[in-house]
Amino acid sequence: MSIESLYPFLHTGTARKEALLADVARSTAEKVAEIGRLRREVLAAYDEQLVACATAMAERFDRGGRLLAFGNGGSSTDAAGIVALCSDPGPGRRPLPAIALTADVATLSALANDVGFEVVFARPIAAAGRPEDIALGLSTSGGSANVLRGLATAHERGLLTVGLAGYSGGAMAEAAGRGEIDHLFVMPSASVHRIQEAQTTTYHVLWELVQRALADP
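Right under this line is the structure:
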C-alpha cells in the first residue's frame, strides 16, 4: 500500500497542501493556547489544595504507605504513568511504592467476568488496601462507576483518597461533598483531550510537591 493511498489529502496539489498545513498550524496553536489556559485555571483554583494533598500523601509514604492508582481507558494509562513516575523517579529523587491496579490483568478480568466490572478496583483495595495507603482514582467524566466504588471502598478503610476528574466533576464531586474523596481536582473543560492533558500536569505537580515534602528535614 502506497503512502499516497493512505494519505490522499497530501497529494492533491501544492495549493491544497499549503492550506492543509496552515490549518494544522492554526489548530495546533489553538490547542496549545487552550491547554495553557486550562492549566492556569486549575492552578488558580487548587494551588493551596495541591500543597495540602501532597503534604498528606508524603505523610502516608513516610508511614510506609503505597499509592494505588486506577482508571479506565486513557485514565488507566495515566494511572500507569504516575506509578512509573513514583517507582523510577530518576537521580536524586526518592522512589516511592506504587501500584497500578489495571496492571493486574488476571485479577481485573476475573472480577469483571465473575462479579462485575464495577468492582474491579474496589475488590483489590478491600483485599490489600491499608490505612496508610493512598488511593488515586482518575476519570475524565467524573462518573466512572468502578472508580467511584474504588474510592468509596478506600475511604471506608481509611486510605487517603485523591480524585482527578473533568467537566464539572460529576459524581466524583458529589462523592467529595460526602467526604468520600479527601482531595478532588476537577479540570473544567468539555474536551477529553484537554482534560487528560491537564490531569497529567496535575499529578506531575503532586509528585513534585511530594518529593519536596519528603526531602524537607
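The opening position of the sequence shown corresponds to residue 1 in full-length UniProt numbering, with each subsequent residue numbered one higher. The C-beta atom is built at its ideal place from N, Cα and C for all residues, glycine as well.
Proximity to Leu136 [Cα-Cα], best of Arg39, Ala45, Trp207: Trp207
Residue range of the beta strand (DSSP E) that includes Gly71: 67 to 71
Please identify the residue among Thr153, Val210, Tyr167, Leu96 whose C-alpha is closest to the C-alpha of Pro124. Thr153
Segment contact flag, the region 179 to 193 with the region 80 to 91, C-beta cutoff 8 Å, min 3 pairs: no
State the beta-bridge partners of Gly137 as determined by DSSP. Phe70, Gly163
Rounded C-alpha distance that separates Gly158 from Ser75: 24 Å
Please give me, in chain order, every unbroken run of the alpha helix (DSSP H) with length at least 4 that falls completely inside the region 86 to 157. 105 to 114, 122 to 128, 145 to 156
To the nearest angstrom, how far is the alpha carbon of Val119 from that of Ala44? 35 Å
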